[in-house]
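So the structure is just underneath, and the comments pick up after that.
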Amino acid sequence: MPNYLASENGITEIFSAENALIWIIAAGVFAVLLAVIVLIFFIKMRCREDIDPVTGGKNKTRFFRDCAKIVKKTPLEKLAMAVIDIDKFKYINDRLGYDEGDRMLERVHKTLSDCLGKDEPFARFSEDNFALLIKNAPDNEIANRLREIFTEFERRNSFFIKCPVNFSAGVCRLGQCKGKYDAVDFTMAVDRCKLAKKSIKNKHNSDIAFYDGKIREISLREKDFENAMPAALENNEFECYLQPKYGTHSHKIVGAEALIRWNSKEFGFVCPGDFIPLAEKNGFVVELDFFILEEVCKLLRRWLDAGKTPIVISVNQSRLHINDDDYIWRLREIVDKYEIPYEYIELELTESVFTEDADRMIEIMKKLHDIGFKLSIDDFGSGYSSLNLLKDIPADVLKIDREFFNGTVNTKKGRAVISSVVDLAKNLEMNVISEGVETQEQIDFLKEIECNMVQGFYFAKPMKLRDFDELWEKEN
942 MPNYLASENG ITEIFSAENA LIWIIAAGVF AVLLAVIVLI FFIKMRCRED
992 IDPVTGGKNK TRFFRDCAKI VKKTPLEKLA MAVIDIDKFK YINDRLGYDE
1042 GDRMLERVHK TLSDCLGKDE PFARFSEDNF ALLIKNAPDN EIANRLREIF
1092 TEFERRNSFF IKCPVNFSAG VCRLGQCKGK YDAVDFTMAV DRCKLAKKSI
1142 KNKHNSDIAF YDGKIREISL REKDFENAMP AALENNEFEC YLQPKYGTHS
1192 HKIVGAEALI RWNSKEFGFV CPGDFIPLAE KNGFVVELDF FILEEVCKLL
1242 RRWLDAGKTP IVISVNQSRL HINDDDYIWR LREIVDKYEI PYEYIELELT
1292 ESVFTEDADR MIEIMKKLHD IGFKLSIDDF GSGYSSLNLL KDIPADVLKI
1342 DREFFNGTVN TKKGRAVISS VVDLAKNLEM NVISEGVETQ EQIDFLKEIE
1392 CNMVQGFYFA KPMKLRDFDE LWEKEN
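For the sequence shown, this note's numbering assigns the number 942 to the initial residue and increments by one for each residue that follows.
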């Protein structure tokens, strides 16, 4: 009789073995699929970490990795780092909107992608800065290549917006940027490019600068200035100077502008252009502004005590005050301490403050005007202020910037523009002063268009308070 039970057990064992094998294979396949999914996930995450969310291109982390790969196969003397910057990009954002600003950054990215070679990586580093690794060449060839990129972007961008866009760039050779163990320090290279780019400011007809030893010395000296300023204020190294303002027709002193000077015990006389931008950058300019205001109040108090009728003195105010909730309180505290009538103090605010937060700035100005301070717009014509904005600004004086004024009196169009600005200001019940006046020709033109006041080396340079006192006494 057949042993069916044994057969059944054998069949069961076979099926069990097959099932186990199937489960093992299935588990293996599942594990492989899971590993692939996890790998894909991490690759995507890694790629996402490497992507700039605005341009869709590489970010600086990926840029540095790519640079490291290229350096391994390319001699350092054949490579240079460059950082390019869109000048006044904040104005573009404020005027055209952040969406248009982002689209402009995308166009910059696309232009760089089309103009640079395979082994020339680039990435957006900050709001409007792009860093790129370029094949080294003589300075003039690198500069020409960068300018070709700028021109190409301007051509492409003109199809979208009519706003002119200017670029500046700093360049540094990688051989100048070795860190520990003789390895290339890419962060150092970018920083040095930025230092070179920073040196372009206040230079006309210059858009590209190359890092060298001189720029490094300037950078170290600037850091010394920054560190020394607080102690210098305590040690009375800063001093208030006055530059007279004259009636255009009378040639008599009708006011003055208070200016700060630094005669350092350590560095000697430091030019305002060397320390004021640094003070703006680190915020110390706020204390310098209040120092000058107090010096002016002391002078006005002396005049009042001597029975003199004071002239109005203008005091520069930094854009940084706009974010200080105690700003107006501190102003009043100083002026009230010396019991000075507010109308003898004119607060000068540069045109550029209105590009940052125009509504808040106008609100602050209205409060100051209601208190009794006189207000003036300094450097008008140097930036991008809207003429329409003037109707909302409670200013008493419009100050025409010297750059806006110089070189235009010889052209018909230039004279027409200045004349129109003067007429506009007068129709808005503002007085007008032209600064930087240096020639008789300029004086004659300003008389012709009925500009109220002039200020400049033609009449007098900034001077110590005692020298101003003597000059004013002699005139009276």
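Cβ coordinates follow ideal geometry from the N, Cα and C atoms, glycine included.
Owing to the predicted nature of the structure, the values given are computational and were not obtained by experimental measurement.
Minimum C-alpha distance to residue i - residue among the options
i	options	result
Arg1088	Asp1035, Leu1053 and Val1378	Leu1053
Glu1391	Leu1331, Met1371 and Glu1416	Met1371
Thr1380	Thr1189, Val1338, Ala1197 and Asp1055	Thr1189
Glu1382	Pro1251, Thr1352, Thr1291 and Trp964	Thr1352
Ser1191	Phe1400, Leu974 and Lys1367	Phe1400
Glu1178	Val1211, Ile1334 and Asn1000	Val1211
Lys1332	Gly1355, Pro994, Glu1236 and Lys1307	Lys1307
Leu1161	Leu1219, Gln1184 and Asp1298	Leu1219
Tyr1032	Phe1398, Lys1354 and Val1294	Val1294
Three-state class that DSSP yields for residue i in the structure shown
i	result
Ala1366	helix
Leu1387	helix
Asn1098	helix
Ala1084	helix
Phe983	For Phe983, the predicted model reports a pLDDT of 49, less than 50, meaning its position is unreliable; a value from the coordinates is still stated below. Looking at Phe983 - three-state DSSP - the assignment turns out to be helix.
Tyr1279	coil
Asp1342	coil
Ala1078	coil
Gly1058	coil
Asn1070	strand
Glu1163	helix
Gly998	coil
Lys1307	helix
Tyr1152	coil
Lys1138	helix
Gly1188	strand
Ser1259	coil
Ala1064	strand
Tyr1182	strand
Glu1026	In the sequence as presented, Glu is not what sits at residue 1026; that position holds Asp. Strand.
Ala1021	strand
Phe1208	coil
Glu1287	strand
Ile1254	strand
Ile1312	helix
Spatial distance of residue i from residue j (CA atoms)
i	j	result
Ile1275	Leu1229	13 angstroms
Lys1402	Phe1409	10 angstroms
Met1113	Lys1029	The residue asked about is misnamed: residue 1113 is Cys in this sequence, not Met. Those two C-alpha atoms are separated by around 23 angstroms.
Met986	Ile992	Because Met986 carries a pLDDT of 47, less than 50, the predicted location of this residue cannot be relied on, and no value is offered for it.
Ile1233	Gly998	48 angstroms
Glu1411	Lys1139	41 angstroms
Lys1186	Phe1005	54 angstroms
His1145	Asn1085	With a pLDDT of 47 at His1145, under the threshold of 50, the modelled position of that residue is not reliable, and the figure given next carries that caveat. Approximately 18 angstroms, taken between the alpha carbons.
Tyr1152	Arg1273	46 angstroms
Leu946	Val970	At Leu946, the pLDDT of 47 sits below 50, so the modelled position is not reliable and the matter cannot be decided from this model.
Ile963	Phe1127	54 angstroms
Ala1418	Glu1292	What the structure shows of the chain is the stretch from 942 to 1417, and residue 1418 is not part of that stretch, so it cannot be assessed.
Asp1215	Glu1221	11 angstroms
Asn1081	Asp1026	19 angstroms
Val1195	Glu1416	11 angstroms
Ile1159	Arg1044	36 angstroms
Val1237	Gly1248	17 angstroms
Phe983	Leu1288	Because Phe983 carries a pLDDT of 49, less than 50, the predicted location of this residue cannot be relied on, and the following value inherits that uncertainty. Their backbone Cα atoms lie some 58 angstroms apart in a straight line.
Leu1261	Ile1303	14 angstroms
Lys1405	Leu1183	6 angstroms
Thr1250	Asp1337	20 angstroms
Cys883	Arg1003	Because the chain in this structure spans residues 942 to 1417, residue 883 falls outside the shown range and cannot be described.
Leu1115	Ala1072	13 angstroms
Delimiting residues of the alpha helix (DSSP H) encompassing residue i
i	result
Ile1033	Phe1030 to Leu1037
Arg1243	Val1226 to Asp1246
For residue i, the first and last residue of its enclosing beta strand (DSSP E)
i	result
Ser1375	Asn1372 to Glu1376
Phe1216	Unbroken run through Phe1216 is the alpha helix (DSSP H), Pro1213 to Asn1223; no beta strand (DSSP E).
Asp1320	Lys1315 to Phe1321
Arg1407	It is not in any beta strand (DSSP E) - Arg1407 instead sits in the alpha helix (DSSP H) that spans Leu1406 to Glu1416.
Glu1292	Counting along the chain, Glu1292 falls outside any beta strand (DSSP E), and DSSP gives it neither H nor E.
Asn1204	Ile1194 to Ser1205
Cys1118	Unbroken run through Cys1118: none, as it is neither H nor E.
Val1395	Met1394 to Gln1396
Phe1108	Phe1108 to Arg1114
Cβ-heavy atom distance, residue i to the ligand ATP, below 6 angstroms
i	result
Phe1151	As presented, the structure is devoid of all ligands, the ligand ATP included, so that no description of it is given.
Query raised in the report: For the region 1149-1168 against the region 1199-1216, are there 3 or more C-beta pairs whose distance is under 8 angstroms?
Result: The region 1149-1168 makes contact with the region 1199-1216, as at least three CB pairs between them are under 8 angstroms.
Query raised in the report: When the Cβ atoms of the region 1394-1414 are set against those of the region 1371-1380, are three or more pairs found closer than 8 angstroms?
Result: Output reads yes: the region 1371-1380 touches the region 1394-1414.
**Report entry** Three or more C-beta pairs below 8 angstroms linking the region 1334-1346 and the region 1358-1367
**Finding:** Yes: the two stretches touch, three or more of their Cβ pairs being nearer than 8 angstroms.
Query raised in the report: Would you say the region 1303-1322 touches the region 1266-1273, given that touching needs at least three Cβ pairs under 8 angstroms?
Result: In short, these stretches touch, since the Cβ pair count reaches three.
Query raised in the report: Do the region 1241-1249 and the region 1279-1295 touch if we need at least three Cβ pairs shorter than 8 angstroms?
Result: Verdict: yes, contact present.
Query raised in the report: Any chance the region 1088-1099 sits against the region 1126-1134, with 3 or more Cβ pairs inside 8 angstroms?
Result: By the Cβ rule, the region 1088-1099 does not count as touching the region 1126-1134, because fewer than three pairs are nearer than 8 angstroms.
Query raised in the report: Does the count of Cβ pairs from the region 1167-1181 and the region 1059-1071 closer than 8 angstroms reach three?
Result: No: fewer than three Cβ pairs fall under 8 angstroms.
Requested in this report: Please determine if the region 1102-1111 and the region 1003-1019 are in contact, where contact requires at least 3 C-beta pairs separated by less than 8 angstroms.
Outcome: The region 1102-1111 vs the region 1003-1019: no contact.
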